[in-house]
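Reading through the structure tokens given below for one structure.
Residue numbers (this note's numbering): 89 to 506.
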């Protein structure tokens, strides 16, 4: 059956939330860009999210044609952790159903994101008899393995994720790695999972911006080399590995430091309460490379193209990435990526072709890759061209088409009760 109206659930974070926050990142970009593309194709998309501030409107239509973000009351209108939000999921579900009733809305499919939204989707399925497709984005089992001292309740989350696999009519995995994790750690059925990667806005992120102009805009020396990190400032992003690699570089190839700059885009460098930010700032001083490093804070998507265009390479040394949206944006901008051989990055970044793979937490390996890139401008250029070419395969129009086929297939199936 043709899909005309979609309910998209993003309970714990709004796609319109400012980037760089504790719970804003690739998932927010995914929901915003996918919804815009679906709306452009003539589908009606309602994105339901929790009100976290009294300043948020009831309905926001700024994403694009045919797309609305609907803020629902669920607990106090203030920022809450995912575990704190769990206690208000019943209220969220009831208010969502009340909204649909008041507006006399009937949805063809529900597409839920993250474990909290999957719980709500199951309630809608039970009440409305509607099928739903789910995307986890990150998995509790994987976070638990990596963030040993993380402050959250993984057992509740993992239990809910396992239930979602029983409730959902189809699960979208971003990469074959995530598919394997779902099958290995959660015993998910092979036929239940479809692998469809996130997309990239190829109109925004492209090679149109001249590197010279981008560097001038950022106040950089035109002859300099810029290494770039973009993302949330949290331990699993392993930004400290880059700082340690610069120290190795200073000892191994000091001449390369003369025109080298490392820029960190993310977080709030002026916040005294951000422990990881403060730790990284202190570490750069301790390692004696602070003169090479600038912490410029979080930037909105509209500002990122000039940073990618100015960069010689983007570095993603993460301990865990379910996909790696930043890597794809950089590639689409024609910039090579050095990334850990983890999660989605091992599939997205092509070693020796669009950048390099490194083992996680290996600062010496990272330093060697940086030296290789900085020492061979011709090869770096070729890698950037290959990255831009491959990124075209991830244009949102193509990704939306694949997802719509899944939605239509699911809508035609016999209902799988939650």
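All residues carry an ideal CB built from backbone N, CA and C; glycine is no exception.
Counting along the chain, residue 486 sits inside the alpha helix (DSSP H) bounded by residues 484 to 499.
Exclusion of the five residues before and after residue 139 leaves 159, 160, 161, 162 and 165 as the residues of its chain whose Cβ lies within less than 8 Å of its Cβ. Across the structure, residue 132 and residue 250 are spaced so that their CA atoms are roughly 30 Å apart. Counting only runs of 4 or more residues that sit fully inside the segment 242 to 313, the alpha helix (DSSP H) segments are 242 to 255, 264 to 274 and 299 to 305, in chain order.
Apart from sequence neighbours up to five positions away, the residues of its chain that approach residue 326 with a beta-carbon distance below 6 Å are 405, 406 and 407, ordered along the chain.
Annotation for residue 466: no beta strand (DSSP E) segment contains it, though the alpha helix (DSSP H) segment containing it runs 465 to 479. Between the segment 209 to 224 and the segment 260 to 267 there are three or more inter-stretch CB-CB distances shorter than 8 Å, so the stretches are counted as touching.
Distance check between residue 226 and each of 183, 218 and 270 places 270 closest, using alpha-carbon atoms only. Look at residue 444 here: in three-state DSSP terms it is strand. Less than 9 Å divides the Cβ of residue 320 from the Cβ of residue 354. Checking the DSSP bridge columns, you'll see residue 96 partnered with 135 and 199. Three or more beta-carbon pairs drawn from the segment 469 to 476 and the segment 406 to 426 are found closer than 8 Å, and the two stretches are therefore classed as touching.
The beta carbon of residue 92 sits closer than 8 Å to those of 131, 132 and 196, all from its chain and outside the five residues before and after it, given in chain order. Look at residue 382 here: in three-state DSSP terms it is strand. Within 10 angstroms of the beta-carbon of residue 149 lie fewer than 16 other beta-carbons, which makes it exposed. With a cutoff of 9 Å on beta-carbon distance, residue 102 and residue 137 are scored as near each other. Restricting attention to 360, 311, 362 and 366, the CA atom closest to the CA of residue 344 is found in 311. Going by beta carbons, residue 417 and residue 495 fall outside the 9 Å limit.
Shortest Cα-Cα distance from residue 173 to any of 432, 430, 100 and 437 involves 100. The beta carbon of residue 338 lies closer than 8 Å to those of 345, 376 and 377 in the same chain, with the five residues before and after it left out. Residues 350 and 372 of the same chain have their beta carbon placed closer than 6 Å to that of residue 381, with the five preceding and five following residues left out of the count. Per DSSP, the beta-bridge partners of residue 402 are 316 and 425.
In the structure shown, the three-state DSSP call for residue 375 is coil. CA-to-CA, the gap between residue 121 and residue 450 works out to about 34 Å. Cβ neighbours of residue 492 within its own chain (closer than 7 Å, five residues either side excluded): 91.
In this structure, DSSP gives residue 223 an extended state, which the three-state scheme calls strand.
DSSP places residue 437 in the coil class of the three-state scheme, outside both helix and strand.
The beta-bridge partner set that DSSP reports for residue 351 consists of 316 and 382.
Setting aside the 5 residues that flank it on each side, residue 201 is surrounded in the same chain by 97, 98, 115, 119, 223 and 225, each with a C-beta closer than 7 Å to its C-beta; the list follows chain order.
Membership of residue 234 in the alpha helix (DSSP H) is indicated by the continuous run 228 to 234.
Under the 10 Å beta carbon count, residue 305 is surrounded by fewer than 16 other beta carbons and is classified as exposed. Under the three-state reduction of DSSP output, residue 104 falls in the coil class, being neither helix nor strand. Under the criterion of beta carbons closer than 8 Å, residue 437 and residue 443 qualify as touching, at roughly 5 Å.
In the three-state reduction of the DSSP assignment, residue 158 falls in the strand class. Assigned with DSSP and collapsed to three states, residue 430 falls in coil, not helix or strand. Residue 204 is not a Cβ neighbour of residue 134, given a cutoff of 9 Å.
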